[in-house]
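Notes follow once the structure below has been shown.
Chains as they are written, first to last, in this note's numbering: chain A, 702 to 1105; chain B, 702 to 1105; chain C, 702 to 1105; chain D, 702 to 1105.
Following this line, the structure appears as structure tokens:
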């Protein structure tokens, strides 16, 4: 039973797949299509999407092309890094964090253009469909969602190409097609499929597109200093940068030094395990640096509570629950801790390694006087006995009870 | 008010500090001293401690020298690594995990020798005093504890040396004394003090005793394969190894390839922040490998629950609560998950990097068929719509309620 | 696209709805039907289901009628009560905990009879469909599931009655039909629908079927004593009882004294809120008693950890994840703590109140000597100063840092 | 080694014990004493403390008597009830929540009067010393703390009376001295000691001072309606009330109907178990009502997250960490959820029972249409199949893997 749709906002990359979707939407739903193409740092020109959309019959006023890089880093990437978020101990959530922003802009554009539906190009077995659609529904519960990959029968490369040909969609040929399914934004690039489908296969060197290998990175280390304000990086080597500039520059350092490659098997929200390779050069540096500045500025127990809440926070983002009350609740807790997270972190970058070599802060809670074995102004060594005795009291009582 | 003590079991390294303690115990408490010296892989001969103890008047039958390396790795290190334990996002708990074993053997030897007290050489501002003493009291609530560093007034290097001289304790001179306070066992070596007291100072290269620097590590990567059984590593490159052999061998690989250096500011249980540098070569490899084998053999939700419980588990160990009901409770949960954690992990070691390049298991839950965008035997893409709709239902209802 | 089914095991109550399902399965799927009717303490005869099934054409060897009360209480209710499980602060999970057992037996009977499918009578908007089906699939991933309420178009009372009439299914008339949707087992009875659909309506007194109202309960309190062994109740007023006997007897006490009524709005797993009223007389007594015996036998930190894990454990059961690795992992942790949970709890029952008035245990950790303000054998009041100072040390350091 | 003190602010009740402390401070420390007496609803006149203090030689300008009831309820009790805080499943934290406020005012008065020390009358084995002193040090890291009960040797009733006599401190005789150690404020009254020291002893009826027994409560139920705004109660039966007025009125209802008695064995922070009896009449009503209004206004997952964080939040308050970064972090998360917690709860009070009989809200998320088994506007029953299948996918995959 087909849904009735008047106008649909499509997340449109300009590539073959979303061009096919565009056409398919026009045909299947007989509706007006609005295209939305965002620059979130994927490293490809977005402007060409306009020409393509026009050629496919989209009205000029229905073509939206936007540079969202600053918003992406400021309102999505940075808040997430305040939490030191890592999924399953390894993954920096590069794809996950970009979807909510796309979803949000689609819903806004739907409102702007009076569209009653949105559509995306995510497949039916992945996480991204969930992330897009949870975002859509959280922001507009009445929006109609069209997920072509779950509806159509174009579920093979051949059928897609045949459809493209039949509808005059240009199939660009740039040498050989990559064997990998990829996704990129300012935070990362990902790879799936191809030989990765056997988790015993090591990725081929030429798969990696952003970073040099550690082997090919410079033989000389490089030092950088990141300055933090309220938990966010604001200056690099003393130069103030906007959020997107910061991530862009850190990416350059990371790419150069072979930093941020990752090869994992992860658990998808829809239920299966999947192999993924990732490059997150700047993010890998930021995570290390943020932990370092927190290490001298956060209270111990708030740091530990952050660590305990983090896996759940990361899971929410991975699963697509960015626009949920529970994510906002956790964010409120996390942000509450970042007021004093100010200062500098000095890092050494070398062949895949990000090594913290210094940290300082106007709000530092570190004082070497308190650590040495000598007496100091705040610590009476005799106190340790009472501290230990009372912490052990339950053991003492239990020991006696058990003996009886 | 001095405690009455007849016989005390001292954790005795044979070094200057614990020799001074030995003498001081004899003088101050006028009691018999039993020395206990353990080989837990610290990399120093333990047998010389016998001669030293004899010279200080300890009776032969009161000298205990034991090789605890296998017990250490099997019953302490491995269970901890099953949990992927990391303190404050960075520290592999090398010192923390060794203390409970020492404490346990001291209590056992106290029972064996009829001693009514135990003593250790940990200072009054550190974590180790807590770890030793919580262990003692958990295992024998009636034991008397003597913590010389909190009692005596020998709280400077000069006073200690003067005491040693006055009592004929030999002060060995091996070139210049290290400026760092160090601790070592089969899992790690640690450094505190000296120039580290300023957290903006990068450690000097010659501080590190175990690993070569990444810069000086071989230019050629090396591949190894670790085999897991029930969550523990049991074979290396196909060769079966005992727990201590395994960690010893992995340490060699790590040291050679510049793996496992760490430089952090951490929060002590007694309340202050302290700078520490650590080398955990084999442990760093094991952590990465264990996560990799878990990635294909653990159920998603048990993996996530492990991740959420981990910071608390690591904190318990750091704080000295190994012998606590709550640690055992968490261990029961963790161990319950490891039954299927079997298989091989292939790793590439290169200049500080531990790179997972393959994993396989007879119990693997990974199946590439389920990940691709094509139909498969267990996954109906149409199911995703229902999955998403019902996960979003609360947002839909809340969206409507909020609009009103 | 209808699934091919040869033989299906139906959870059959003998009532109108599941009789209609029985017939519908025969017609729609043209398959053999096996009926499974369990006595889990719902308070109705199960034997009459045999006659009804025979009349509907079920072969005698395909009729399974079983008394599962002991298994239900021993292997499901008691383990859950060891955790003090409560969903959303109020609900004792009476329905949730019975579903996995039914599911398990259906799968076992399917194996026994060579059936390839199972079916249940739970509706398409409730939690029970999830609980049944997650259970089925956890125990047999290949089983075919038929959920008639989601498939057929008999979605109104009239259509059902018409179907019944058309197929000769007897419609018993016992006075007027209850306006409530109900479920019962040895642990509880539940009510939904009718006037409850307005959460401002107070339930009518005649809705409640098990308990008298507190107003109508005896004016004289009654005292009982429950004896615990390893966290489970084993004797009542000194008389040893099997698990099902225990719950049956406690139910009698609860019913008599107006104990265990509950009226809540809860969150269903499928996404909406729903109003439910419950009577859990014996369970309400057990929860209070179990907490009381734990209060003198559990270590503080294991008790606290149990409390922190409980909401998650309860949610797993509510959502239908009884047969999941994560529930088993939590159960392992919980059960680890119950070894010393032995002793007696004395309770006063009076007009809806369950009042703990005494508890004692051979393993008690309570000792009045340790609580008074006088000196005792294990506690030195001077220790408190050190305990407080070191717990406050981070505040002291932070206070100084902030002042600067 | 006695601390040097010029001026000390004493938490002064005007009773015998703190009068002895007052005198003892003057004698032992030879310092000026400032008395601080607060009305936090303990139910005793505070003004008489002025006369007593004057008689003991306190200068008029050093006597502070303040009514803190509104601040107490608004800034301490209400925020805590937003979290539904309960310690160890039972205790409503009546004593714990009052200590931070006293500590805060003492520190403020110390600043005002130029005092360099504070003192309290809490004993050396209880929780209150910790709560006071953590509060002091969190608010002024340099304050000197005098805890007479840990310092002096007046550790028996006889010694105290002898001291009082010797120093002309009037010992009022109001009939026989209560055998219980008590504490009261607007939220609760507590009892310890006496026959309670045997946890098998039922409290005597005449111990309870606030509430009638359920047996003696009215035979007729009474209905009340509480109106919530942003998670706090703001009106009772339609009448707007200030926070302290609200709690006062609810206390009256509770006392009349025998509501809020509690008899438990709890775990003290300093390590031992202790028996306590409590009356929290208004608080018991508020807890039930708050959960009820949340049940129709909170999103499911934020409600669940609150439930999971609650035990830790309650523990922080119990242990004295009100003024800690981690409590504030949790409070930020909790408060974030309360924006929509608005509406009315109707309750029936009867002989110890608080029964929720209705709840309504302008922000309600409950809609009966979504619960019934019929189709509705937001829920497609077919969606349930996909929802269940994908939630079960990991079981399906694991089932297959295990079979192999």
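Glycine is no exception: its CB is placed at the ideal position from the N, C-alpha and C atoms.
Taking the C-beta atoms as reference points, residue 802 of chain C is found no nearer than 8 Å to residue 771 of chain C. Looking at D/717, D/1042 and D/1082, the one whose alpha-carbon comes closest to that of residue 878 of chain D is D/717. Using a Cβ-Cβ cut-off of 7 Å, residue 1064 of chain D is close to 1102 of chain B, given in chain order. One Cα belongs to residue 1041 of chain B, the other to residue 973 of chain A, and the distance between them is close to 17 Å.
Under the Cβ criterion of 8 Å, residue 1097 of chain C is counted among the residues facing chain A.
Against chain C, the beta carbon of residue 1038 of chain B has neighbours under 8 Å at 1026 and 1030, listed in chain order. As the crow flies, the alpha-carbon of residue 937 of chain D is around 8 Å from that of residue 950 of chain D. For the C-beta of residue 1073 of chain B, the chain A residues within less than 8 Å are, from N- to C-terminus, 826, 894 and 898. For residue 974 of chain B, the nearest CB of chain A lies under 8 Å from its own CB, placing it at the interface with that chain. Using a Cβ-Cβ cut-off of 8 Å, residue 1005 of chain C counts as an interface residue toward chain D, since at least one Cβ of chain D sits closer than that to its own. Considering only C/926, C/921 and C/881, the residue with the shortest C-alpha distance to residue 907 of chain C is C/881. Listed in chain order, the positions of the region 839-869 of chain A with a beta carbon within less than 7 Å of a beta carbon of chain C would be empty, since no residue qualifies. Burial state of residue 1084 of chain B is buried, judged by a 10 Å Cβ sphere holding 16 or more other Cβ atoms. Residue 1091 of chain C reaches chain A at 1084, 1085 and 1088, counting residues in chain order whose Cβ is nearer than 7 Å.
For the C-beta of residue 1080 of chain C, the chain A residues within less than 7 Å are, from N- to C-terminus, 1094. A residue is called buried when at least 16 other Cβ atoms come within 10 angstroms of its Cβ; residue 996 of chain C meets this threshold and is buried. For residue 835 of chain D, the nearest CB of chain C lies under 8 Å from its own CB, placing it at the interface with that chain. Beta-bridge pairing by DSSP links residue 1061 of chain A to A/1045. Collapsing the DSSP output to three states places residue 965 of chain C in a strand.
The three-state reading of DSSP puts residue 870 of chain B in coil, since its state is none of H, G, I, E or B. Looking at the DSSP output, residue 741 of chain A sits in no beta bridge, so it has no partner there. Below the 9 Å Cβ cutoff, chain D contributes 1045, 1047, 1058, 1059, 1060 and 1061 as neighbours of residue 901 of chain C, in chain order. Using a Cβ distance threshold of 8 Å, residue 720 of chain C and residue 738 of chain C do not count as a contacting pair.
The beta carbon of residue 768 of chain C is closer than 6 Å to those of 740 in its chain, skipping five residues each way along the sequence. In the DSSP assignment, the residues bridged to residue 976 of chain D are D/966. In this structure, residue 711 of chain C lies near residue 735 of chain C, with their beta-carbon atoms less than 8 Å apart. Relative to the Cα of residue 787 of chain D, the nearest Cα in the group D/1072, D/895, D/965 and D/1086 belongs to D/965. Annotation for residue 934 of chain D: the continuous beta strand (DSSP E) segment containing it runs 933-937. In this structure, A/884 is the residue among A/839, A/884, A/778 and A/783 with its C-alpha nearest to the C-alpha of residue 980 of chain A.
At a C-beta separation below 9 Å, residue 971 of chain D has these neighbours in chain A: 1091 and 1094. Exclusion of the five residues before and after residue 1013 of chain A leaves 1031 as the residues of its chain whose Cβ lies within less than 8 Å of its Cβ.
Per the DSSP secondary-structure output, residue 757 of chain A pairs with nothing in a beta bridge.
Taking 7 Å as the cut-off between beta carbons, the residues of the region 986-1017 of chain C near chain B are 1000, 1002, 1003 and 1006, in sequence order.
Assigned with DSSP and collapsed to three states, residue 952 of chain C falls in helix.
Within the DSSP bridge table, the entry for residue 843 of chain B names no partner. The bridge partners DSSP lists for residue 765 of chain A are A/737.
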